[in-house]
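-15 is the number of the first residue of the sequence shown in the working numbering; add one for each residue after it. Read through the structure below, which is laid out as structure tokens, and then see the notes.
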Amino acid sequence: MEAGLAWKYWNEFSKAVPKEYDFCSRIDQYRRPAGSGDMVNTMLNYSYSLLESECLRAVNSVGLELM
-15 MEAGLAWKYW NEFSKAVPKE YDFCSRIDQY RRPAGSGDMV NTMLNYSYSL LESECLRAVN
45 SVGLELM
């Protein structure tokens, strides 16, 4: 079920991305030989990395530890 919803989400997301960015889908990145494949997936990967570091910083700042 989660995979089906993810496919629908990224399918709708791709409609908002201009064609010149060559974004097919988020899932398609795993079928490409190396790296994130296109500019949109690269930006998404970078954004997720920034978000993760901010979340980890917030967790650590209140004294919690991740196992």
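Even for Gly, the Cβ is constructed at its ideal location relative to N, Cα and C. All of these numbers come straight from a predicted model, not from anything done at the bench.
Terminal residues of the alpha helix (DSSP H) in which Leu40 lies: From DSSP, the alpha helix (DSSP H) with Leu40 extends over Met23 to Ser45.
Pair within 7 Å by beta-carbon distance, Tyr(-7) and Val24: Not a contact, by the Cβ cut-off of 7 Å.
Boundaries of the alpha helix (DSSP H) in which Lys(-8) is found, first to last residue: Counting along the chain, Lys(-8) sits inside the alpha helix (DSSP H) bounded by residues Glu(-14) to Ala0.
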